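Structure, as structure tokens:
Chains as they are written, first to last, in my numbering: chain A, 2 to 213; chain B, 2 to 213.
Below, the structure written as structure tokens:
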């Protein structure tokens with residue numbers, strides 16, 4: 002069982018690490034971080050690099066693929082090397098998954114056509130252009146395609162998929178070992194719960210920047 | 002404002018990334034990953050390396066220091082180079098923080114003597130040997146020392162400290178952008194909530210392995 006985590010310039014680190022430290026604990030699984038070119042790949046903030054140990058051409062038949070998001074998905078959505086790789090590995094995966102705007106890469110590769118899917122709340126509507134049906138759920142299963150909402154939702158996706166792949170006992174064990182008993186200090190984690198003016202401000206920033 | 006995240010061999014990645022993608026979004030802050038020797042540092046599972054851009058000798062006056070944990074804290078607890086660095090930078094930090102067993106490194110450096118602190122639930126009692134008072138809370142403030150419970154608790158710590166350092170509005174903004182509206186698929190994230198036999202099994206593994 003091989004799990005491949007895709008890295009690309011300016012990905013969001015928690016998008017990748019949430020599933021890595023949950024689903025990646027799947028007993029017997031080999032996890033490999035891959036990118037177009039092997040080596041250090043910088044996060045969105047630029048202050049950290051994760052190392053992709055393998056290039057895309059070295060990882061051709063992963064059982065599970067995880068695609069993290071980032072604030073500038075349009076760059077990889079226009080990268081034929083990445084989209085070709087996603088289509089190629091998807092042909093034989095057991096699960097094809099994404100966190101945050103990673104679903105837009107899957108969608109741009111043509112993998113979510115006619116499927117229910119989610120993304121970061123600021124990008125959710127963009128799924129429609131690729132024939133996907135956006136939903137406001139935190140973790141969405143449609144066949145073998147599993148998409149998670151923004152950033153931290155990858156932890157919930159990782160544990161949920163771990164339960165499906167290895168059973169509830171394994172998933173509960175990982176939840177307890179990662180002490181995932183969340184106690185957010187605020188209740189502003191979704192556009193439905195956050196102050197309306199904050200949501201509007203972020204939507205405005207997003208529109209004016211053309212990115213987030 | 003400089004935030005230093007300490008890396009060392011076999012750290013747990015989510016311990017570092019939880020605070021990085023929350024507190025690390027502090028406006029105007031520079032985040033730097035540091036380790037005894039700059040370069041790639043492997044996680045506990047070995048399947049991923051994060052890059053420490055700086056050596057300890059290059060980061061001498063961070064405003065905030067973040068110490069992640071890992072399943073084998075005893076190695077760095079006996080590393081005088083790391084402990085000396087922690088003592089040295091602590092002399093001028095605004096906040097000295099840890100996630101998971103990172104608190105045992107702070108404790109071994111003598112920084113938690115007489116202070117309330119937390120750690121991963123399996124390691125909590127070990128704080129006593131260093132004069133600290135263990136508590137079962139998820140995020141513990143004692144003066145400028147902030148310790149978080151196991152692994153995922155670093156997200157709650159990051160947001161809480163972000164609120165203290167930059168105000169509630171900034172912290173809520175980061176919570177919304179990271180869509181931190183957790184919906185764990187199980188309710189087994191603490192020893193008080195998980196099935197008793199699972200807790201006992203993990204305590205047994207911990208005892209028999211002498212580590213976790």
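Beta carbons: idealized from backbone N, C-alpha and C, even for Gly.
All of these numbers come straight from a predicted model, not from anything done at the bench.
- Using a CB distance cut-off of 8 Å, residue 171 (chain B) does not count as an interface residue toward chain A.
- One finds 178, 179 and 180 in chain A with Cβ atoms closer than 8 Å to the Cβ of residue 151 (chain B), taken in chain order.
- Under the 8 Å criterion on CB atoms, residue 126 (chain B) is classed as non-interfacial with respect to chain A.
- Burial state of residue 127 (chain B) is buried, judged by a 10 Å Cβ sphere holding 16 or more other Cβ atoms.
- Using beta-carbon distances, residue 135 (chain B) does not count as an interface residue toward chain A, since no partner is under 8 Å.
- Around the CB of residue 81 (chain B), fewer than 16 other CB atoms lie within 10 Å, so the residue is classed as exposed.
- In the DSSP secondary-structure assignment, residue 5 (chain A) is bridged to A:33 and A:66.
- Take the alpha-carbon of residue 109 (chain A) and the one of residue 15 (chain B): they are about 29 Å apart.
- Taking the CA atoms as reference points, residue 135 (chain B) sits about 16 Å from residue 191 (chain B).
- The continuous beta strand (DSSP E) containing residue 40 (chain B) extends over residues 40-43.
- Within the region 168-203 of chain B, no run of beta strand (DSSP E) reaches 3 residues while sitting entirely inside it.
- Residue-level contact by beta carbon fails for residue 73 (chain B) and chain A, as no gap is shorter than 8 Å.
- Legend: CB atoms of the region 34-50 of chain A lying less than 7 Å from CB atoms of chain B belong to residues 34, 41, 46, 48, 49 and 50.
- For residue 17 (chain A), the enclosing alpha helix (DSSP H) begins and ends at 14-21.
- It is roughly 18 Å from the alpha-carbon of residue 76 (chain B) to the alpha-carbon of residue 39 (chain B).
- Inter-residue distance for residue 112 (chain B) and residue 147 (chain B) is about 11 Å (C-alpha atoms, whole angstroms).
- Distance from the CA atom of residue 84 (chain A) to the CA atom of residue 61 (chain B), rounded to whole angstroms, is 44 Å.
- DSSP, reduced to helix, strand and coil, places residue 26 (chain B) within a helical segment of the structure shown.
- The Cβ-Cβ distance between residue 91 (chain B) and residue 97 (chain B) falls below 8 Å.
- For residue 184 (chain A), at least one C-beta of chain B is nearer than 8 Å to its own C-beta.
- When Cβ pairs closer than 8 Å are counted between the two stretches, the region 30-37 of chain A is seen to touch the region 48-56 of chain B, the count reaching three or more.
- Cβ proximity to chain B below 8 Å picks out 13, 14, 15, 18, 19, 21, 22, 25, 26, 31, 32, 33 and 34 from the region 7-38 of chain A.
- Its Cα nearest to that of residue 188 (chain A), the residue B:157 stands out among B:157, B:204 and B:202.
- For residue 166 (chain A), DSSP assigns no beta-bridge partner whatsoever.
- The beta carbon of residue 139 (chain A) falls within 8 Å of a beta carbon belonging to chain B, placing the residue at that interface.
- Cβ neighbours of residue 93 (chain B) within its own chain (closer than 6 Å, five residues either side excluded): 62.
- Nearest in C-alpha terms to residue 131 (chain A), of all of A:115, A:171, A:29 and A:173, is A:115.
- Chain-order list of chain A residues neighbouring residue 154 (chain B): 180, by C-beta distance under 7 Å.
- Under the 10 Å beta carbon count, residue 155 (chain A) is surrounded by 16 or more other beta carbons and is classified as buried.
- Of all residues in the region 74-96 of chain A, none has a C-beta nearer than 9 Å to a C-beta of chain B.
- When beta bridges are read from the DSSP output, residue 98 (chain A) appears opposite A:67 and A:147.
- Sequence-distant Cβ neighbours of residue 175 (chain A) in its own chain, meaning closer than 7 Å and more than five residues away, are 23, 26, 160 and 163.
- Residue environment for residue 129 (chain B): exposed (fewer than 16 other C-beta atoms within 10 angstroms of its C-beta).
- Closer than 9 Å at the C-beta level to chain A, one finds these residues of the region 101-124 of chain B: 101, 121, 122 and 123.
- Interface flag for residue 190 (chain A) against chain B is set, since a Cβ pair is found closer than 8 Å.
- Nearest C-alpha to residue 67 (chain B) among B:194, B:17, B:151 and B:79: B:17.
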